[in-house]
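Okay, structure first, notes after.
Protein chains: 2
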Amino acid sequence: MSTARPTPEATPDDESPAERKGARTRRRILEAARRVFADVGYERATIRLIATAAGVDKSSVIQYFGTKQGLFREAVHWDIPTAEVAAEDAEQTAANHVRGMFAAWAADPNSPMAVLLRTSMTSEDAAEILRAHITAQSTDAIAATIDAPDARLRAALAGAMLMGIASQRYILKMPDLKDADVEDILRLVGPAMGTLLDPKSG
Amino acid sequence: MSTARPTPEATPDDESPAERKGARTRRRILEAARRVFADVGYERATIRLIATAAGVDKSSVIQYFGTKQGLFREAVHWDIPTAEVAAEDAEQTAANHVRGMFAAWAADPNSPMAVLLRTSMTSEDAAEILRAHITAQSTDAIAATIDAPDARLRAALAGAMLMGIASQRYILKMPDLKDADVEDILRLVGPAMGTLLDPKSG
Numbered sequence: 001m002s003t004a005r006p007t008p009e010a011t012p013d014d015e016s017p018a019e020r021k022g023a024r025t026r027r028r029i030l031e032a033a034r035r036v037f038a039d040v041g042y043e044r045a046t047i048r049l050i051a052t053a054a055g056v057d058k059s060s061v062i063q064y065f066g067t068k069q070g071l072f073r074e075a076v077h078w079d080i081p082t083a084e085v086a087a088e089d090a091e092q093t094a095a096n097h098v099r100g101m102f103a104a105w106a107a108d109p110n111s112p113m114a115v116l117l118r119t120s121m122t123s124e125d126a127a128e129i130l131r132a133h134i135t136a137q138s139t140d141a142i143a144a145t146i147d148a149p150d151a152r153l154r155a156a157l158a159g160a161m162l163m164g165i166a167s168q169r170y171i172l173k174m175p176d177l178k179d180a181d182v183e184d185i186l187r188l189v190g191p192a193m194g195t196l197l198d199p200k201s202g
Numbered sequence: 203m204s205t206a207r208p209t210p211e212a213t214p215d216d217e218s219p220a221e222r223k224g225a226r227t228r229r230r231i232l233e234a235a236r237r238v239f240a241d242v243g244y245e246r247a248t249i250r251l252i253a254t255a256a257g258v259d260k261s262s263v264i265q266y267f268g269t270k271q272g273l274f275r276e277a278v279h280w281d282i283p284t285a286e287v288a289a290e291d292a293e294q295t296a297a298n299h300v301r302g303m304f305a306a307w308a309a310d311p312n313s314p315m316a317v318l319l320r321t322s323m324t325s326e327d328a329a330e331i332l333r334a335h336i337t338a339q340s341t342d343a344i345a346a347t348i349d350a351p352d353a354r355l356r357a358a359l360a361g362a363m364l365m366g367i368a369s370q371r372y373i374l375k376m377p378d379l380k381d382a383d384v385e386d387i388l389r390l391v392g393p394a395m396g397t398l399l400d401p402k403s404g
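First to last, the sequence lines map onto chains A and B.
All letters in the first sequence, in the order written, are residues 1 to 202 by our numbering.
All letters in the second sequence, in the order written, are residues 203 to 404 by our numbering.
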């Protein structure tokens, strides 16, 4: 299966045909769930609606994911590859973050991060997952690389700024941002992030 | 009426009691509309729901605002006091923008800007209003003050960054941002904005 993406649902070679079919069904349910959550929000999405969108029985969704909350958590889960993103200086690390975020958001308008952000605007349950996820994966990780006072606040501000840029470019499609060249954005944002994250280098 | 806020609906002294009552009703409908749009989104909000929330007849809402779209446009309209915000240097201008945004968002969780941003995440109609508004009031205005290449892109990035910070602080309530001191945020964000908006001063 050379076209399989390296997701947690990717199937190792030693799985049986039934296990592979199960993994495909799971993946199809997760993709349908992201579409439905993005379209109607967390509160209005139902397991029935998601099952219909995925073309499976409601019982299959329950079998694989249990509850709507369990399904949502898996559907919007993503890992920031913190170790891969880390570079020698803060400006380069920030640039790597931007590249990774842009690539994920450009590849799929219903990427886990985009769906979680959109649903968080109207659902406290979704917002709670977003808070925990961003704090653990972004703020903690960036703060650990900062050698300056207010490391946590600097890291949280940097994360908020990057999410502001990504959401205005990909979700809100602001005219001056949606078609801008990624390299132009990096060239302008990089030094500003450097000032925030590594003030001594400025 | 010393408690009246200086909104477009504020009544001059020479208005009749009937006109003053009309202005109060209008204001009550606008406040209820912001609550309803924020809670259920643009698509699901109905004039009936908003009339109920405001404690008025559906016919009054139609009389004052015509359509749901007309009501929405007025409910989420705000003016950035561009002339007042403009300062000698870009860093100070950005700081003034942050102060103004934070004050508006802190004063009312359903401020016009917050409601428009939240509804834009799930409604293309709302997103179109947001795009036009931010481009005209923020990007154009900030770009006009920038004396560097890529002025429009710099201005759009600055606006996106500030909205990212405001939305993560006030809507998503990120733990590292929600209780942070405004002066601490300004102290860290100001130089980064200066680097972006006025690169020659760095």
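Glycine is no exception: its CB is placed at the ideal position from the N, C-alpha and C atoms.
Assigned exposure category for Arg187(A) - 16 Cβ within 10 Å defines buried: exposed
Closer than 9 Å, Cβ to any Cβ of chain A: which residues of the region 270-286 of chain B, in chain order? none
How is His77(A) classed by DSSP in three states: helix, strand or coil? coil
For Ala225(B), does the count of other Cβ atoms within 10 angstroms reach 16, so buried, or fall short, so exposed? buried
Would you mind giving the Cβ-Cβ distance between Ile387(B) and Val300(B), rounded to the nearest angstrom? I have them listed as a contact below 8 Å. 7 Å
Which residues in the same chain as Ala38(A) place their Cβ atom closer than 6 Å to its Cβ, once the five residues preceding and following it in sequence are excluded? Asn110, Val115 and Arg118
Mind listing the chain B neighbours of Gly41(A)? Cutoff is C-beta to C-beta under 8 Å, in chain order. Gly243 and Thr324
Going straight from the alpha carbon of Ala192(A) to that of Ala127(A), what length do you get? 28 Å
Quick one: give me the first and last residue of the alpha helix (DSSP H) that Val258(B) is part of. Per DSSP, Val258(B) belongs to no alpha helix (DSSP H) and is neither H nor E.
Please tell me whether Met163(A) has its Cβ less than 7 Å away from any Cβ of chain B. For Met163(A), the nearest beta carbon of chain B is closer than 7 Å to its own beta carbon.
Can you have a look at Arg250(B) and say buried or exposed, based on whether 16 or more other CB atoms are within 10 angstroms of its CB? Classification for Arg250(B): exposed.
Should Thr295(B) be flagged as near chain A, meaning a C-beta pair shorter than 7 Å? no
Looking only at C-alpha atoms, which of Leu332(B), Ala296(B) and Val278(B) sits nearest to Arg356(B)? Minimum Cα distance to Arg356(B) is reached at Ala296(B).
Compute the distance between the beta-carbons of Val263(B) and Ala255(B), then report whether it is under 7 Å. no
Cut-off 7 Å between Cβ atoms - residues of its own chain near Ala220(B), not counting five sequence neighbours on either side: none
Could you confirm whether any beta carbon from chain A is found closer than 7 Å to the beta carbon of Pro393(B)? yes
May I ask you to verify whether the region 141-150 of chain A touches the region 357-366 of chain B, counting CB pairs closer than 8 Å and requiring at least 3? no
Here's the rule I'm using: 16 or more other beta-carbon atoms within 10 Å means buried, otherwise exposed. How should Gly272(B) be labelled? exposed
Classify Ala141(A): buried if its beta carbon has 16 or more other beta carbons within 10 angstroms, exposed otherwise. buried
Quick check on Ala328(B) - is its C-beta less than 7 Å from some C-beta in chain A? no
Measure from the C-beta of Leu49(A) to each C-beta in chain B and report whether the shortest distance is under 7 Å. Chain B, which has no Cβ nearer than 7 Å to the Cβ of Leu49(A), makes this no.
Keeping to the same chain, check which residues put their C-beta closer than 8 Å to that of Lys226(A); ignore five residues upstream and five downstream. The structure shown does not extend to residue 226(A), since chain A is modelled only from 1 to 202, so the question has no answer here.
What's the gap between the Cα of Lys200(A) and the Cα of Phe102(A)? Roughly 28 Å separates the two Cα atoms.
Give the straight-line distance between the Cα atoms of Ala144(A) and Glu84(A), rounded to the nearest whole angstrom. 15 Å
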